[in-house]
Amino acid sequence: MGGAAVTPVVVEVGPQTVRGSGAVPHQWISTALKFIADRMALLDEQPVDVSALWRDVLGAVAGERADPLVLVVPAWWPQSRVDVVLDSAGAVSADVIVLQRSAVLADAAESTAATVVELSAEYAVVTAPGSEPVIFSRGTDAFAAHLETATAVLLDVPAGVSPLPGVVTAGLRRLGIPITHSTDARLGRAATAAALRLAAQEGFSVRRIRPSRRVTAVLAGSALTVAAACGGWAVQAMEARPPTDAASRLLVDGRIAVRVPASWTVERITSGSGSARVRVSAPGG
1 MGGAAVTPVV VEVGPQTVRG SGAVPHQWIS TALKFIADRM ALLDEQPVDV
51 SALWRDVLGA VAGERADPLV LVVPAWWPQS RVDVVLDSAG AVSADVIVLQ
101 RSAVLADAAE STAATVVELS AEYAVVTAPG SEPVIFSRGT DAFAAHLETA
151 TAVLLDVPAG VSPLPGVVTA GLRRLGIPIT HSTDARLGRA ATAAALRLAA
201 QEGFSVRRIR PSRRVTAVLA GSALTVAAAC GGWAVQAMEA RPPTDAASRL
251 LVDGRIAVRV PASWTVERIT SGSGSARVRV SAPGG
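Numbering (the numbering used here) for the sequence shown: 1 to 285.
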């Protein structure tokens, strides 16, 4: 970096929005998040490449200068989602750092002995001081019981995510457990501080920096530990997807785009009853 002052550009990515210093149409964001696990998406009734859409979204929200670019992502996101964002961010900045929300806030809250609770629509990531993050399904008895062991709670409710029910927060306060709500400003300050520490340690010799925390997921009564090798992420097992056939082609018909194996037969039918249509069948099918 040539000894110049480093001012990280922080962009909050997911679970319900993408936010930074720049502006971007809401439909771009919602489409990018909705189709993050796919190769193609429909935007304004037209098929678009998901990676290209993410490049446009990140470039717009990051503003004119993003050196380094700090992406703050949900702790429960699987590695496949993070990779989509991380790879697209490479077109926006030469130096990209990815941080988990819970890890950022937990590091900043260490002096307060607070347990950080990161919420999403379905999950809650709980990080007690000096402990590894644990993921619970929201609304479960196990989640409520775990919260009751906290000394204090720092509650992180991302934009677009519903807060904890009042009965839960009231129960914690009856137990004498204070609750503090995180803010956008607090998350931004914590992410900036974490990025500066990483910049000093790494010297940006590594262009793509991933977190290396271990995360335990407690879902539907079963526990699994996800290794952090090469930046392992929580709940990877939740994305059970069939293997992708590398030999494939994209079919576009009007507003619909479908990727099918290249060996499949594609036939456009214009005769007979009904409107024109496309029939796709596997070999021998």
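Just so it is clear, CB atoms sit at the ideal spot from N, CA and C, and this is done for glycine as well.
Please list the terminal residues of the continuous alpha helix (DSSP H) segment that includes V82.
79 to 89
What is the DSSP secondary structure of V226, counted as helix, strand or coil?
With a pLDDT of 30 at V226, under the threshold of 50, the modelled position of this residue cannot be trusted, and the question is left open.
Are the region 51 to 58 and the region 79 to 92 touching by the rule of at least three beta carbon pairs closer than 8 Å?
yes
Assuming L187 and R65 form a contact by the criterion Cβ under 8 Å, report the distance between their Cβ atoms to the nearest whole angstrom.
Not really, about 20 Å apart at Cβ, beyond 8 Å.
V104 and A190 closer than 7 Å at C-beta
yes
Measure the alpha-carbon distance for D67 versus G59 and round it to whole angstroms.
12 Å
So, are the CB atoms of P15 and P74 less than 7 Å apart?
yes
Give me the Cβ distance between L172 and V153, rounded to the nearest whole Å; I'm assuming they're in contact under 8 Å.
6 Å
Taking the continuous beta strand (DSSP E) assigned at A62, which residues delimit it?
Looking at the DSSP string, A62 is not in any beta strand (DSSP E); the run it does join, the alpha helix (DSSP H), is 50 to 62.
Start and end residues, beta strand (DSSP E) containing T127
123 to 127
Do L99 and V157 come within 7 Å of each other at the CB atom, strictly closer than that value?
no
Measure the C-alpha to C-alpha separation of A32 and S137 and round it to an integer number of angstroms.
25 Å
Beta-carbon gap between A41 and V50 smaller than 7 Å:
yes
Does A114 come out as helix, strand or coil in the three-state DSSP assignment?
coil
Over the uninterrupted alpha helix (DSSP H) stretch that includes A144, give me the two end residues.
141 to 147
How many Å lie between A144 and S131 at the Cα?
18 Å
How would you label E148, buried or exposed, when you count the other beta carbons within 10 angstroms and need 16 or more for buried?
exposed
Between the beta-carbon of V117 and the beta-carbon of A124, is there less than 7 Å?
yes
Nearest candidate by alpha-carbon position, reference A114, set S182, L198, R39, V18:
S182
Excluding five sequence neighbours on each side, which residues of the same chain lie with their C-beta closer than 7 Å to the C-beta of T169?
I179
Please list the terminal residues of the continuous beta strand (DSSP E) segment that includes I29.
Segment 26 to 34 is the alpha helix (DSSP H) holding I29; no beta strand (DSSP E) there.
Using 7 Å as the threshold, is the C-beta distance between A159 and T17 below it?
yes
Work out the CA separation of V92 and E122 for me, nearest whole Å.
31 Å
Pull up the CB-CB distance for L69 and D95, whole angstroms please, since I reckon it's below 8 Å.
7 Å
Rounded straight-line distance, which links the Cα of V24 to that of D44
15 Å
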